[in-house]
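Below you'll find the structure, written out as C-alpha cells, and then a few comments.
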Amino acid sequence: MSPQTAQIHLVSSHPQVYEPSDDSFALVDALLADRANLLEHHPTVVCMEVGCGSGYVITSLALMLAQEGSGVDYFATDINPNAVRVTQETSEAHGVHVELICTDIASGLNSRLEGLVDVMVVNPPYVPTPKRLAVIGKPRLGLEGSMILPVADKLLSKKGWMYLVTITENNPSQICLQMRKKGYAARIVLQRSTEEESLHIIKFWRDYDSEVETAEVGSTNKTFPTRVVDSLLSQLSRLACDPTPSNAWRLMVESTRNKTMEEHFKKQESRLQELL
Ligand SMILES: C[S@@+](CC[C@H](N)C(=O)[O-])C[C@H]1O[C@@H](n2cnc3c(N)ncnc32)[C@H](O)[C@@H]1O
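According to UniProt numbering, the residues represented by the sequence shown are 1 to 276, in order.
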C-alpha cells in the first residue's frame, strides 16, 4: 500500500527552511484523522498550502488524496525562496506535482485562485520562540492581525475547508469569532500539548445554515445568527463548568497566563446576553 504521508527521509532540507516539527506533524495527523471526510468532500479543483516550508504537509495532503485521482491541482506558497526550492524537491521525491509560488501569503494569486480552493492548510509562523525565529525570522503571516483570514475567505471555494494551526497565544477563540463573522463554522480537529505549546488544529467551513438564519433574524435587528449565539454560549458555559482537562477551550484559558482571554469571554458573554 502506498504511504499516506510524506516520508521523513525523503523530505528535503535547508538550514534556513523550517523542518517538520511538532506543529507540522499535528497538522498532518489532523488531516489523517479527517481523511475519510476529505475523501468524501472530494476536492475537485485546488488544494493549497500557505507557508509550505519543507513541503512535508502539502506532499502528505497530496498523497492522502491520491486515490481521488487526477483533476486536483496542488499549490503551495512561501515567502522564503529556499522553502519553495525544498518543497519542490520534497514533492518530486514523492512523485507528487505541486505548483510553487514564492510570494507573501498568496499575493498575486487572487485572480487565478479566487473561489477555487477546496482545501487550504496553514501552519503560520506565529510563534516567537527562539527556535522558530532563528529559522523563519519575524512572524509575517499576522494571525493576530488576521491577514490570513481574509485571504482564505477570498480563495476558498463555496465548499472550501481550511485547516489552521493555532496555539493558545494566538487566541483561537478570537480567530473563530472573526471567521464566524465571515460566515464560517469551526471545529477543533486535533488538540495536542507539547512541552513548548498547546496546539489546536481548527477546521473552518462555510456555514450556509447560519447565513440563512442571519437573513431570518435580520429583521429583528439582531446582528448574530441564533446558532452562532448558541454555539458561543455553549463554549462559554463549558469554560465555566467543564473540569475535564481534555476540554480544549478550558485548556486554552488555563494556559493563558494573564486574564486577557477571560476578560474577552466576559465581554463576549455580556454582548451575547444583550443580543438574546
Ligand atoms: C511554521 S513554518 C511551517 C512550515 C510548514 N508548513 C510545516 O508545517 O512544516 C511557517 C512557514 O511560513 C513561511 N512564511 C512566513 N511568512 C510568510 C508569508 N508572509 N507568506 C508566505 N509564507 C510565509 C515561512 O517561511 C515558513 O516556511
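Glycine is no exception: its CB is placed at the ideal position from the N, C-alpha and C atoms.
- Linking Lys-158 to Val-189 through their CA atoms gives a straight-line distance of about 20 Å.
- A direct Cα-Cα distance of roughly 14 Å separates Ile-58 from Arg-85.
- Considered as a whole, the UniProt domain "Methyltransferase small" (43-170) harbours 46-50, 73-78, 99-102, 117-122 and 156-167 as its complete beta strand (DSSP E) runs of no fewer than 3 residues, in chain order.
- The DSSP-derived three-state label of His-14 is coil.
- Boundaries of the alpha helix (DSSP H) harbouring Gln-174: 172-181, taken from the DSSP string.
- Here the C-alpha atom of Gln-7 lies approximately 27 Å from the C-alpha atom of Phe-204.
- In this structure, the straight-line span from the alpha carbon of Val-46 to that of Leu-113 is close to 8 Å.
- Ala-62 and Tyr-74 have their C-alpha atoms roughly 7 Å apart.
- The C-alpha of Thr-168 is placed about 6 Å away from the C-alpha of Ser-198.
- A distance criterion of 6 Å places the beta-carbon of Val-57 in contact range of ligand 1, judged by its closest non-hydrogen atom.
- Closer than 6 Å to some heavy atom of ligand 1: that does not describe the Cβ of Asp-22.
- Inter-segment contact for the stretch 100-114 and the stretch 24-39 is absent: fewer than three beta-carbon pairs are separated by less than 8 Å.
- Between Ala-186 and Ile-201, the gap from beta carbon to beta carbon reaches 7 Å or more.
- Remark: the shortest separation between the CB of Thr-168 and any heavy atom of ligand 1 does not fall under 6 Å.
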